[in-house]
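A short write-up of the structure that comes next.
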Amino acid sequence: MIARLTAFFALIALPVFADVPVKEVTSPGGLKAWLVEAQEIPFVALELRFKGGATLDPSGKEGAVTLMTGLLEEGTGDLDSQGFAAARDDLAASFSFNPSREIVGVSARFLTDNQDKAIDLLRRALVEPSFPAEAVERVRMQILSNLTAEERDPGAVAAKLFNEITFEGHVYARPSEGTHDSVKALTVEDLKAAHKAALTRENVIIAATGDITAEALGVLLDKLLSGLPEKGGALPGPAEVHLSGQVVTEEFPGPQAVILFGQEGIKIDDPDFFPAFIASEILGGGRFGTRLMTEVREKRGLTYGIGAGFSSLDQAELLTGQVQTANATVKDTIEVIRAEWARLPDISEDELEATKRYLTGSYPLRWDGNANIARALVGLQLQGWPIDYPSKRNGYIEAVTLAQVQAAAKAHFRAKDLSFIIVGRPVGLEQE
Amino acid sequence: MRLLLALALSFIAPLVAQAEEKVTELRLDNGLQVVVIEDHRAPVVVHMVWYRVGSADERSGESGLAHFLEHLMFKGTKTMAPGAFSQLVAAEGGSDNAFTSYDFTAYFQRVAADRLEMVMRMEADRMVNLTLAESDVVTERNVVLEERTTRTDASPEGLFSEQMSATLYLNHPYGRPIIGWRHELEALNREAALDFYKRHYAPDNAIVVIAGDVTPAEVERLAKEYYGPLKASEHITGRERPLEPPQIAERRVIMQDDRVGQPYVIRNYIAPSRQSGAQDEAAALVVLAQLLGGAGVNSVLGRELTVNSKTAVSASAFYDPTGYDGTTFGVYAMPAPGVSLEEAETAVDAALAKFLEDGIGEDEFRRIKAQLTASEIYARDSAMGVARRYGTALTTGLTVGDQQSWPEVLQAVTPEQVMAAAKKVLDRKQSVTGWLQKEAAQ
């Protein structure tokens, strides 16, 4: 089943994490996972991320990985869609399969009581999907229906355009769900190929939280994934970010315009990363008191909400934001955003201290609930942080000086590169 | 909602349940109700203040006022500058927000457990000491107008939903949009907001719900210190709302909008909500929504429309069991390519008729019970979620005891009760059916 995806920046959220006992588990079969044991509630949250995702679609077969992923729960062995759903519901387990631009995500929640049965059922979905013809046509229709809906959704139109412009010439520019033509042409053979390419042991990242020991998790992971091939499709190479101050408008009906704005971001191993990250929080943290929220919403009433921040793909870094405003106030809004970008280096000691206090204080608060923790752990691994990152992260923030933040703001928030993608009917805006 | 969240149509029937929660209830002399739900897994606490007032308590002509006031509650008190509330919470690493519905307005902070005192002091302060500058009111009204545009006017689905509700209710204020009709929203002002505040915000019209790493004794001490000195209002009168007359005619809404990407048909029926001490009918409807739409291809509508007849891309059912003056039960279908809305609607009705004829399969029923048991376990994973369920229950006419027994009531539902509830509720005379389409000719 494919639900309506309004996903845009299906990128990885930046890290904020707590001082928690994360264990690295290596299964007897060699799979690695991060685990936090929590016995209070008798269930386990398991997160798998297969790197590659829609970037592995061969040219002309865009959407194959998305359709394949949507079919994982639609039939395996002697179970058809309804049989699979019945077996899953009998176990009161929940599985979700989420395709995106460069990841196939699998989220599972199952009761400790019947975890072996739940894992076996999930294994059958991941390793032995049968792609029954009836389900292929049904899920294909759902995807085509999503594509049609997205053509009329200004947020989705803006996201598509943003990706096309930003990543021109790279597979990141392609729509993950494919196009009407490519999706219509996909065959069961294409889906089998996509399955082989996208679900591999080499490219999987794993985190678990809940009522399970390290040893039991290792055994369970081997049962779950040993049937998958070791290697699959080749991951894409570096992507250049083509954002250099463009202002692009696409006409769209409605009272408001959707504005996406952005420029190239910063790598996590850049020495400026933490100073720049703090600067981004000051500018666009999306909460009250951050500069964009204060200037655009609180002082001028131009929007309901605005935020901006860094995000990273495997092969590119971005600094992006989003706002919606009435067509008549697009011009004013853009001017305010540009001005805020330019004046960002003007940061006071008080502002830095307040932001550090927020970032370090909110850090332990993310540590809440098995499902949240497992998602956070898998996210940290995807970004490439070491396992001791959760315990060190606040120290990195604390160590940043005012001079470093000011310098990073100046170096990495470049108003001349800041690009705007506008979908709507903005008034008084000239293409530059 | 004061800050933007996802604007999804909620087509999901939530399976509400919890188990083994340590819940303590106390009441201060000034009438303030306090509920403590202990969860010691992490050193975090969620502090929520729920007021028993929502958009359905607005006077005719002032739609949007309850939500507008929710925004203005961040604009300062006698001792707190505008915007300072959120900044002080953030300075401690916490987060805060607020939301408004038909029956309640709620404010919450999520902070480290040792910061409970601070947020309690600030919430107690703004319960009685709100001050509003005219300029802040005008700017914030523009923010709310932009919010209305984002949620509703810029979204054909949002506009359609508003038209559906306005048509379903003949007399009850549930027919008015929470965010307010634009022309009435534009006219709201400082005086109206302060008047509403004085009429409805007081300790005896509020419930404090605290979930997390706290003890009831500590909460009691702090609550008495900060909320205790506040005076009870002399004019909290309870809810005086126009009630719905018997509905005797089905209604239709046909909306066309050039921006529609995917047409769909939806039907909302008037339905009973959980009643204190008598929750079994609502529990039966929760099970019904799950049977009809909760499990994709394994639910009645999913199976009949998306697998068997292939008339729909997706089809489901939904039911929110809470509501001070009742609630709604809904079904929807998004037609497959080449299928008209009329045909999709016919398919929905045929599937419902077949269900009413055939009854419930034993396997299906057993499976739903298993899921209900599991959902009790999964639901305990989120302290915020648990706190929200208590707050919602207590502002919609239920008690702590009702909320605690809800999982058992759900478990006790029989197939006969489900069929009886289905026959009663799936009555088109008490419904509105809507088509959202791109243009007249489908």
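Residue numbers (the UniProt record's numbering), protein chains in the order written: chain S, 1 to 432; chain Z, 1 to 442.
The beta carbon of each residue, even a glycine, is placed where N, CA and C say it ideally should be.
Spatial neighbours of residue i in its chain, beta-carbon cut-off 8 Å, leaving aside the 5 residues before and after
i	result
residue 299/Z	290, 291, 292, 293, 316 and 317
residue 38/S	209, 210, 211, 370 and 373
residue 309/S	14, 280, 281, 284, 285, 286, 319, 320 and 321
residue 151/S	157
residue 255/Z	156, 159, 160, 163, 434, 435, 436 and 437
Buried or exposed by the 16-neighbour rule on C-beta atoms within 10 Å, applied to residue i
i	result
residue 184/S	exposed
residue 222/Z	buried
residue 402/Z	buried
residue 17/S	Confidence in residue 17/S is poor, its pLDDT being 38 and thus under 50, which makes the residue's placement unreliable; the coordinate value appears in the next sentence. So residue 17/S counts as buried.
residue 215/Z	exposed
residue 395/Z	buried
residue 10/S	Below a pLDDT of 50, predicted positions are generally treated as unreliable, and residue 10/S, at 31, falls in that range; the measurement from the model is reported next regardless. Residue 10/S is buried by the Cβ-count criterion.
CB of residue i within 8 Å of CB of residue j, strictly
i	j	result
residue 131/Z	residue 53/Z	no
residue 46/Z	residue 126/Z	no
residue 419/S	residue 167/S	no
residue 102/Z	residue 56/Z	yes
residue 400/Z	residue 34/Z	no
residue 64/Z	residue 243/Z	no
residue 232/S	residue 62/S	no
residue 391/Z	residue 207/Z	yes
residue 257/S	residue 146/Z	no
residue 61/Z	residue 153/S	no
residue 423/S	residue 352/S	no
residue 161/S	residue 421/S	yes
residue 410/Z	residue 372/Z	yes
residue 70/S	residue 28/S	no
Neighbour flag for residue i against chain Z, beta carbons, 8 Å
i	result
residue 41/S	yes
residue 68/S	no
residue 255/S	yes
residue 370/S	yes
residue 360/S	yes
residue 451/S	The structure shown does not extend to residue 451/S, since chain S is modelled only from 1 through 432, so no value can be given for it.
residue 421/S	no
Neighbourhood of residue i by C-beta distance below 6 Å, restricted to the same chain and skipping five residues each side
i	result
residue 327/Z	271, 273 and 320
residue 194/S	64, 65 and 68
residue 206/S	33 and 48
Short CB-CB distance (under 8 Å) between residue i and chain S
i	result
residue 337/Z	yes
residue 101/Z	no
residue 86/Z	yes
residue 258/Z	yes
residue 382/Z	yes
residue 57/Z	no
residue 306/Z	yes
residue 289/Z	no
Amino acids of chain S, ordered along the chain, whose beta-carbon sits closer than 8 Å to that of residue i
i	result
residue 371/Z	89 and 92
residue 444/Z	In the structure as shown, chain Z starts at 1 and stops at 442, and residue 444/Z therefore has no counterpart that could be examined.
residue 334/Z	145
residue 295/Z	85 and 89
residue 303/Z	82
residue 367/Z	86, 89 and 90
Contact set between residue i and chain S, taken where Cβ atoms lie within less than 9 Å
i	result
residue 377/Z	41, 42, 43, 92 and 111
Neighbour list for residue i in chain Z, Cβ cutoff strictly below 8 Å
i	result
residue 148/S	261 and 262
residue 289/S	83, 86, 87 and 90
residue 142/S	313 and 314
Beta-carbon neighbours of residue i, restricted to chain Z and to distances below 9 Å
i	result
residue 484/S	The structure shown does not extend to residue 484/S, since chain S is modelled only from 1 to 432, so the question has no answer here.
residue 354/S	87, 90 and 91
residue 38/S	41
Partners in chain S for residue i, counting only beta-carbon separations shorter than 7 Å
i	result
residue 476/Z	Look at the range of chain Z in this structure, 1 to 442, and you will see that residue 476/Z is not part of it.
residue 147/Z	304
residue 374/Z	92 and 111
residue 153/Z	255
Other residues of its chain near residue i: CB distance less than 7 Å, five sequence neighbours each side excluded
i	result
residue 415/S	338, 341 and 342
residue 408/S	272, 275, 276 and 279
residue 24/S	32, 34 and 387
residue 336/Z	310, 311, 312 and 313
Listed by chain order, chain Z residues near residue i by CB distance under 7 Å
i	result
residue 152/S	259, 260 and 261
beta-carbon residue i near the ligand PLP non-hydrogen atom, thresh 7 Å
i	result
residue 289/Z	As far as ligands go, the structure on display features none, and thus does not contain the ligand PLP.
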